[in-house]
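Colleague: Numbering (my numbering), first residue to last: 374 to 443.
Cβ coordinates follow ideal geometry from the N, Cα and C atoms, glycine included.
Attaching a single structure in structure tokens format; questions to follow.
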């Protein structure tokens, strides 16, 4: 059985994605030198290795860890 994709931009999602946060994440991914290279490398590997739902689960897991490891 194929799982339904997890919506990432609100809807039934527990987390809402703030436009300012998305802009800052995009800036860091595209315009931050060594950090950009590192982020792009990991993103490419994750996109090749994980399904969309696995990517969403990883994203939410990272958010949860960031919330609890302040």
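State the DSSP-derived secondary structure class of residue 423, mapped to helix, strand or coil.
Modeller: Of the three classes helix, strand and coil, the one that applies to residue 423 here is coil, per DSSP.
Colleague: Can you list the alpha helix (DSSP H) stretches of 4 or more residues lying completely in the region 392–423, in chain order?
Modeller: Entirely contained in the region 392–423, the alpha helix (DSSP H) runs reaching 4 residues are, in chain order, 392–404, 407–422.
Colleague: Where residue 402 and residue 442 are concerned, what is the direct C-alpha to C-alpha distance, given to the nearest angstrom?
Modeller: Distance between the alpha carbons of residue 402 and residue 442 is about 22 angstroms.
Colleague: For residue 390, name the three-state secondary structure that DSSP assigns.
Modeller: Note: residue 390 maps to coil in three-state DSSP.
Colleague: Look at the alpha carbon of residue 419 and the alpha carbon of residue 413, and state the distance between them as a whole number of angstroms.
Modeller: Distance between the alpha carbons of residue 419 and residue 413 is about 10 angstroms.
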